[in-house]
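Right, dumping it as structure tokens:
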């Protein structure tokens with residue numbers, strides 16, 4: 139449960155889970171507002187004041203300082219929350235819905251709008267009701283810009299948002315809508331736009347709205363209405379069985395397997411219908427299902443989960459550019475928060491992430507953390523004093539190798555200690571024997587090593603564990 143509902147197992151979270159038990163820990167994470175994260179949010183608020191700024195305040199700051207941009211602050215804050223927040227399932231679901239309602243953060247004005255979208259539209263509803271997510275997203279200035287609905291008028295209809303609303307946000311590509319439905323939904327959302335003079339920016343302009351009668355998915359939307367047309371479309375989509383099944387499939391794919399069993403999809407879809415789209419209830423059904431319990435290590439960790447696992451499991455410390463290192467690793471592996479340009483969001487199946495270059499990058503990170511010698515490139519973007527400097531990861535992220543080693547001195551003890559500490563699961567006998575032989579490097583597996591040799595053996599075994607199938611999967 140910890141491995142599959144977090145950005146990596148930390149010792150602190152493991153202790154809480156062991157104390158509460160499976161069901162108790164799941165309830166604890168679902169009731170995320172009862173988990174104290176004020177210590178983290180206070181630090182982020184002090185470091186990144188833009189997180190609390192409204193749209194108008196951000197525009198004023200940009201106008202007075204042309205170099206001010208809230209986007210980098212949101213990106214780093216998101217990485218910090220994923221790595222350090224005790225509300226791990228909440229952060230996983232925040233990322234899930236961010237990806238579901240994807241907008242590319244550097245798509246023009248979106249860089250000034252995504253902070254408010256994340257704070258006001260995604261995070262408050264990540265473990266709430268899908269209805270609230272959908273309505274908030276339809277009015278989101280970031281989405282209005284990204285999918286061009288701000289320019290959708292009766293004089294020049296734009297179908298981008300209408301199409302993605304059905305294909306990506308609700309029904310799914312095979313959800314039963316037609317090209318005619320796309321055109322009719324676009325007509326319903328004419329006049330949904332942005333007014334830069336208002337605090338929340340969203341506005342409905344009745345002069346640009348098509349007031350004629352429309353038909354969406356076989357249902358008539360009467361003539362003479364205004365904003366109600368778009369709201370009626372949302373209600374039609376929310377109630378459609380294809381929406382329940384599409385969301386259930388995406389959730390099951392995220393938490394169980396790339397090709398999840400139809401039985402659990404049916405259960406979660408029924409939970410959606412029975413609860414009016416309550417995300418917590420859907421997760422209770424999904425994460426408590428026999429199908430979930432029977433399918434560990436079926437999902438290949440996406441880059442954010444892999445890098446998060448390295449940090450949360452090993453708990454390295456830093457004397458310098460911590461998030462610069464994390465950012466570069468995510469950049470190299472291809473999953474910086476909010477950087478996916480396509481409205482489909484980042485892929486959630488192994489074929490999007492597993493290739494020779496990506497696997498080499500993961501191995502290099504694991505070996506670099508274990509041995510402290512992975513180059514992270516120029517620090518010019520983070521330290522103007524040394525624009526051409528090449529530093530090794532050991533300068534910034536230091537592995538607590540002696541804490542990991544503890545009192546283990548024989549290759550066998552070292553392997554057992556690291557397996558328990560890093561994988562939290564046993565190896566097969568053959569896997570264990572192979573790793574002991576690797577750590578021993580020609581020496582007896584049961585013979586105590588000098589401290590320096592024990593450290594070298596631990597680093598070698600750790601690098602192999604981080605590169606292993608078991609650590610790459612969740």
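Residue numbers (my numbering): 139 to 612.
Every residue, glycine too, gets a C-beta built ideally from N, C-alpha and C.
Identify the residues that DSSP records as bridge partners of residue i: which are they?
{"i": "residue 416", "result": "267"}
{"i": "residue 352", "result": "359"}
{"i": "residue 332", "result": "340"}
{"i": "residue 291", "result": "294"}
{"i": "residue 611", "result": "438"}
Determine the direct distance from the alpha carbon of residue j to that of residue i, and round the result to whole angstroms.
{"i": "residue 86", "j": "residue 477", "result": "No statement about residue 86 is possible, as the shown extent of the chain runs from 139 to 612 and does not include it."}
{"i": "residue 376", "j": "residue 236", "result": "19 Å"}
{"i": "residue 501", "j": "residue 152", "result": "25 Å"}
{"i": "residue 285", "j": "residue 482", "result": "12 Å"}
{"i": "residue 317", "j": "residue 356", "result": "13 Å"}
{"i": "residue 192", "j": "residue 397", "result": "41 Å"}
{"i": "residue 268", "j": "residue 417", "result": "7 Å"}
{"i": "residue 118", "j": "residue 386", "result": "Shown here, the chain extends from 139 to 612; a query on residue 118 therefore has no answer."}
{"i": "residue 587", "j": "residue 561", "result": "23 Å"}
{"i": "residue 471", "j": "residue 420", "result": "31 Å"}
{"i": "residue 488", "j": "residue 442", "result": "14 Å"}
{"i": "residue 337", "j": "residue 188", "result": "16 Å"}
{"i": "residue 439", "j": "residue 428", "result": "22 Å"}
{"i": "residue 610", "j": "residue 220", "result": "18 Å"}
{"i": "residue 270", "j": "residue 461", "result": "33 Å"}
{"i": "residue 283", "j": "residue 367", "result": "20 Å"}
{"i": "residue 157", "j": "residue 241", "result": "39 Å"}
{"i": "residue 149", "j": "residue 454", "result": "13 Å"}
{"i": "residue 146", "j": "residue 612", "result": "9 Å"}
{"i": "residue 341", "j": "residue 190", "result": "22 Å"}
{"i": "residue 468", "j": "residue 492", "result": "15 Å"}
{"i": "residue 526", "j": "residue 506", "result": "At residue 526 the pLDDT is 46, less than 50, meaning the model places this residue with poor confidence; the figure from the coordinates comes in the next sentence. One C-alpha to the other measures close to 21 Å."}
{"i": "residue 456", "j": "residue 184", "result": "19 Å"}
{"i": "residue 198", "j": "residue 276", "result": "25 Å"}
{"i": "residue 592", "j": "residue 172", "result": "43 Å"}
{"i": "residue 155", "j": "residue 435", "result": "19 Å"}
{"i": "residue 464", "j": "residue 559", "result": "22 Å"}
{"i": "residue 430", "j": "residue 422", "result": "11 Å"}
{"i": "residue 479", "j": "residue 393", "result": "24 Å"}
{"i": "residue 374", "j": "residue 319", "result": "12 Å"}
{"i": "residue 636", "j": "residue 186", "result": "What is shown of the chain runs 139 to 612, which leaves residue 636 out entirely."}
Quick one: what's got a C-beta closer than 7 Å to residue i's C-beta in the same chain, skipping five residues either side?
{"i": "residue 596", "result": "539, 542, 543, 552, 556"}
{"i": "residue 382", "result": "407, 410, 411"}
{"i": "residue 599", "result": "552, 553, 556, 573, 576, 577"}
{"i": "residue 602", "result": "573, 576"}
{"i": "residue 244", "result": "209"}
{"i": "residue 389", "result": "406, 420, 424"}
{"i": "residue 194", "result": "337"}
{"i": "residue 380", "result": "309, 310, 313, 314"}
Assuming residue i contacts residue j under a Cβ cut-off of 8 Å, what Cβ separation, rounded to an integer in Å, is found between them?
{"i": "residue 327", "j": "residue 298", "result": "At roughly 10 Å, the Cβ-Cβ gap does not stay under 8 Å, so residue 327 and residue 298 are not in contact."}
{"i": "residue 279", "j": "residue 339", "result": "4 Å"}
{"i": "residue 324", "j": "residue 295", "result": "5 Å"}
{"i": "residue 332", "j": "residue 250", "result": "Their Cβ separation, rounded to whole angstroms, is 12 Å, which puts residue 332 and residue 250 out of contact at 8 Å."}
{"i": "residue 378", "j": "residue 309", "result": "6 Å"}
{"i": "residue 608", "j": "residue 563", "result": "7 Å"}
{"i": "residue 508", "j": "residue 589", "result": "Going by Cβ atoms, the distance from residue 508 to residue 589 rounds to 17 Å, so no, they are not a contact pair."}
{"i": "residue 139", "j": "residue 163", "result": "7 Å"}
{"i": "residue 322", "j": "residue 353", "result": "6 Å"}
{"i": "residue 384", "j": "residue 313", "result": "6 Å"}
{"i": "residue 580", "j": "residue 548", "result": "Contact flag wrong, Cβ pair sits at about 14 Å."}
{"i": "residue 395", "j": "residue 433", "result": "6 Å"}
{"i": "residue 391", "j": "residue 486", "result": "6 Å"}
Please go through the same chain and pick out, in chain order, the residues whose beta-carbon is closer than 6 Å to the beta-carbon of residue i, but skip the five residues on each side of it.
{"i": "residue 363", "result": "none"}
{"i": "residue 521", "result": "Confidence is the limiting factor: at residue 521 the pLDDT is only 42, short of 50, which leaves the residue's position unreliable and the question unanswerable from this model."}
{"i": "residue 179", "result": "none"}
{"i": "residue 255", "result": "278, 280"}
{"i": "residue 647", "result": "In this structure the chain extends from 139 to 612, so residue 647 is not present and cannot be described."}
{"i": "residue 565", "result": "557"}
If we cut at 8 Å on Cβ distances, does residue i have a partner in chain D?
{"i": "residue 149", "result": "Structure shown: chain D not included; a single protein chain is present."}
Between which residues of its own chain and residue i is the CB-CB distance below 8 Å, once the five residues before and five after are set aside?
{"i": "residue 345", "result": "329"}
{"i": "residue 182", "result": "189, 215, 218, 219"}
{"i": "residue 361", "result": "349, 350, 351"}
Under the criterion of a Cβ to heavy atom distance below 7 Å, does residue i qualify as lining the ligand ADP?
{"i": "residue 430", "result": "Questions concerning the ligand ADP fall outside what the structure shown contains, since it holds no ligand whatsoever."}
task: Please confirm if the segment 223-238 is in contact with the segment 249-261, defined as three or more CB-CB distances below 8 Å between the two stretches.
output: Touching, yes.
query: Do three or more CB pairs link the segment 206-214 to the segment 466-480 at distances below 8 Å?
result: Enough Cβ pairs lie closer than 8 Å, so yes.
message: I want to know whether the segment 188-207 touches the segment 340-351 - three or more CB-CB distances under 8 Å.
response: no
- request: Give a yes or no on contact between the segment 443-453 and the segment 387-405, applying the rule of three or more CB pairs nearer than 8 Å.
  value: The count of Cβ pairs closer than 8 Å, one atom from the segment 443-453 and one from the segment 387-405, stays below three, leaving the stretches out of contact.
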